[in-house]
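Engineer:
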Amino acid sequence: MTRITTPPSRLNRSARLANAGLAAIYRQWRHLAIVLATAVAIVIGLSGLGTGLDHFVDEQSSALRDHRASGQLQIVEIDARSIAAIDRWPWPRRNYVQVVDRLHAAGARSITFDVDFSSASNPADDQAFADALRRAGGTVALPTFSQEASSGSADVTESLPIAPLAANAALAAVSVIPDPDGVVRRMPVGITTAGLPRPSLSAIIAGAKGSSGRDFPIDFSINPETIPRHSFVDIRDGRFNPADVRGKDILIGATAIEMGDRYAVPRYGVIAGVEIQALAAETLFHGMPRESGWRLPLLLALGLGLVLLRTRSKAMLVVLSSLSPVGFFVLALIADSWWQWTFQLAPALSLVACCALSALAINLITEARRRRRHDSATGLPNRLALEEALQTHPEAGVFAAKIADFDKVVAALGGAASARLVQRLAERIALVAGARTVYRLDDRLLAWRCHDLIDVDRQVAALRSLMLSPVDVDGRRIDATMALGFASEEGDSIFGRTIENAVFAAATAREDGS
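The number in the working numbering is simply the position in the sequence shown, starting from 1, with 18 added.
(1) Could you name the residues that DSSP lists as bridge partners for Ile-96?
(2) Measuring alpha carbon to alpha carbon, tell me which residue in Ala-435, Val-207 and Ala-224 is nearest Asp-492.
(3) So what does DSSP say about His-49, is it helix, strand or coil?
(4) Between the Cα of Pro-260 and those of Phe-361, Pro-196, Leu-121 and Ile-129, spot the shortest distance and give me the residue it belongs to.
(5) So for Ala-187, helix, strand or coil by DSSP?
(6) Find the nearest neighbour of Tyr-457 within the set Phe-417, Lys-426 and Asp-423, judged by alpha-carbon distance.
(7) Excluding the five sequence neighbours on either side, which residues of its own chain have a C-beta within less than 7 Å of the C-beta of Ala-527, listed in chain order?
(8) Give me the Cα-Cα distance between Val-192 and Arg-153, rounded to the nearest whole angstrom.
(9) Tell me which residues share the same chain as Asp-262 and place their Cβ nearer than 6 Å to its Cβ, disregarding the 5 neighbours each side in the sequence.
(10) Compute the Euclidean distance between the alpha carbons of Gly-311 and Phe-361, then round it to the nearest angstrom.
(11) Looking at the secondary structure, which residues open and close the beta strand (DSSP E) in which Phe-417 lies?
(12) Roughly how many angstroms separate the alpha carbons of Asp-425 and Thr-455, rounded to a whole number?
(13) Suppose the cutoff is 8 Å on Cβ atoms and the five residues either side in sequence are ignored; what does the same chain contact list for Ser-168 look like?
(14) Measure the C-alpha to C-alpha separation of Ile-101 and Val-117 and round it to an integer number of angstroms.
(15) Specify, as a first and last residue, the run of the beta strand (DSSP E) that Ser-128 falls within.
(16) On a CA-only basis, which of Ala-126, Ser-506 and Gly-265 is nearest Asn-519? Give me that one, please.
(17) In this structure, how does DSSP classify Thr-536 when only helix, strand and coil are distinguished?
(18) Please report the straight-line C-alpha distance between Arg-247 and Gly-256, rounded to a whole angstrom.
(19) Taking Cβ to Cβ, would you say His-85 is nearer than 9 Å to Ser-239?
(20) Could you check how far apart the C-beta atoms of Cys-373 and Ile-52 are, in whole angstroms? I think they sit under 8 Å.
(21) Do the stretch 292-306 and the stretch 331-350 make contact, defined as three or more Cβ pairs closer than 8 Å?
(22) As a quick exercise: from Ile-253, Gly-271 and Ile-195, pick the residue whose alpha carbon is nearest that of Asp-134.
(23) According to DSSP, is Trp-357 helix, strand or coil?
(24) What whole-angstrom Cβ distance do Val-251 and Ala-126 have, given they're in contact under 8 Å?
(25) Count the other CB atoms, across all protein chains shown, that sit within 10 Å of the CB of Glu-529; report buried if there are 16 or more and exposed otherwise.
(26) In angstroms with no decimal places, state the Cα-to-Cα distance between Asp-97 and Pro-196.
(27) Which residues in the same chain as Ile-421 place their Cβ atom closer than 6 Å to its Cβ, once the five residues preceding and following it in sequence are excluded?
(28) Suppose contacts are defined by Cβ-Cβ distances below 9 Å. Is Ser-80 in contact with Ala-350 by that definition?
(29) Is the stretch 391-398 close to the stretch 468-488, with three or more CB pairs under 8 Å?
(30) Say the cut is 8 Å; is the CB of Glu-243 nearer than that to a heavy atom of the ligand SAH?
(31) Does the distance from the CB of Leu-151 to the CB of Lys-266 come in under 9 Å?
(32) Can you list, in chain order, the residues of its chain whose CB lies under 8 Å from that of Ser-137, leaving out five sequence neighbours each side?
(33) Measure the CB-CB distance between Leu-538 and Ile-223 and report whether it falls below 9 Å.
(34) Can you list the alpha helix (DSSP H) stretches of 4 or more residues lying completely in the stretch 364-435, in chain order?
(35) Hey, how far is the Cα of Gln-358 from the Cα of Pro-365?
(36) Tell me whether the beta-carbon of Leu-554 lies closer than 9 Å to the beta-carbon of Asp-132.
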């Protein structure tokens, strides 16, 4: 064995400090990732940037929960057949008189109109309709609504039923307000019209209570095609079974395309306003939906994100990343189905996605870093790994072991067996030297760090003694010889020079036969 001492240098101290800083950042990447992911999720939650994703999730949830209407609410349609039979619009109000009287006589629980009665017709018909409302005993509700005085105007016109009708009926606000994308997803619980807060049409049908200005999400899992329907002229002319409407809530409104009262909704495309009112009432039959926003799912996502960031297995990371959105969706589906409890998932899903991408990126970087720092044939760390180890954890010195006649060994054993020989030698070195890691600097050079200069001679003696025994490789006993070199550091010596000096010392020992 030959020894060399490396002179001190200030340059290495700067390199070590810089590398230590990078290593500290690398060790803290999980904390940085979770902070950034949480910040992104909060921005999405506060700004509403994830609204589109939440709408998509809601629509898929509605499709999976698809079910029939309760049957308690029935629609009396102002349909194409009725319009053809009463060839005039607005219809003479005597037609409504007949419908109200027949439904009331049949025992309908309530009768609600989604028809504008804010203008007077002929006095006789108006009075006859008012009398019919009085005979119904307060079971009829008429609509009120607000609208722009003119296109683009800030002025609002309040429309209420004419006084004789309003005096004999309950008043409910009717308003369909699409979202910015033109799709109707929510309905109000109450609206203030003519200075008074009034229940919405759907709220008065369902008997729901709530404050003016509050709204709720419509449950589009209810199939509007399953709501029982009757043609207006059939009710007017008595062509229906009274038992069908007894105890039921009746909603009267236009479904004919030519009436123009149609809106876009999720799942079903464009449907009539009266159908939207019916779906909203059906929603409230099951109770007022509860909305908890995005904060609770975000807390759950935070815990899941920490799990993802600590997952080291790439396969497990992919599985967890794939199943996480499904898990959130299933939980939201259960909450909505069982408790009418809805959440916004976009911020939570964005946090999980950010954490998953961060973990995957670090996983790939770590894998690339590992490949770059390890010998492909033996899996032992290489020279680059040793240089980095010396930067962050300077030791007293470096041992280098040069395998003698390695070319002859390769020729005799082959590449794969030669690699296994190197692995066996590394195991012996680790056993004798107590080295935590043995590095392969090139095909015939091994190296390891020495923690204590006093221990150098002991290591050399123990290794010399152990190498007297042949090395077993695939059942073959190989006599291997190594020449040892040692270079110690003084002060802040250059780690690269220390390695080179150790290699040079091993080469010198080999040439000298020492």
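Note that the Cβ used here is the ideal one computed from N, Cα and C, for glycine as well.
Structural biologist: Let's see:
(1) Ala-272
(2) Ala-435
(3) helix
(4) Leu-121
(5) Coil, per DSSP.
(6) Phe-417
(7) If we look at Ala-527 and ignore the five residues flanking it on each side, its Cβ neighbours are Met-19, Thr-20, Ala-501, Leu-502 and Gly-503.
(8) 24 Å
(9) none
(10) Taking the Cα positions, Gly-311 is about 5 Å away from Phe-361.
(11) Per DSSP, Phe-417 belongs to the beta strand (DSSP E) from 415-421.
(12) 25 Å
(13) Only weak support exists for where Ser-168 lies, its pLDDT of 46 falling under 50; the coordinates are left without a value.
(14) Spanning the two alpha carbons is a distance of roughly 15 Å.
(15) 128-131
(16) Considering only alpha carbons, the answer is Ser-506.
(17) Not covered by the structure: residue 536. The range shown for the chain is 19 to 532.
(18) 15 Å
(19) yes
(20) 7 Å
(21) With contact defined as three or more Cβ pairs closer than 8 Å, the stretch 292-306 and the stretch 331-350 are not in contact.
(22) For the residues Ile-253, Gly-271 and Ile-195, the minimum Cα distance to Asp-134 belongs to Gly-271.
(23) helix
(24) Not really, about 17 Å apart at Cβ, beyond 8 Å.
(25) It is exposed - the Cβ of Glu-529 has fewer than 16 other Cβ atoms within 10 Å.
(26) 24 Å
(27) Arg-462 and Met-500
(28) no
(29) no
(30) This structure simply doesn't include the ligand SAH, nor any ligand for that matter.
(31) no
(32) Pro-108 and Ile-180
(33) One cannot answer for residue 538 here, as it falls past the ends of the chain, which runs 19 to 532.
(34) Complete alpha helix (DSSP H) runs here, min 4: 364-390, 401-410 and 424-431.
(35) Each residue's Cα considered, the two are about 21 Å apart.
(36) Since the first residue shown for the chain is 19 and the last is 532, residue 554 is missing from the structure and cannot be characterised.
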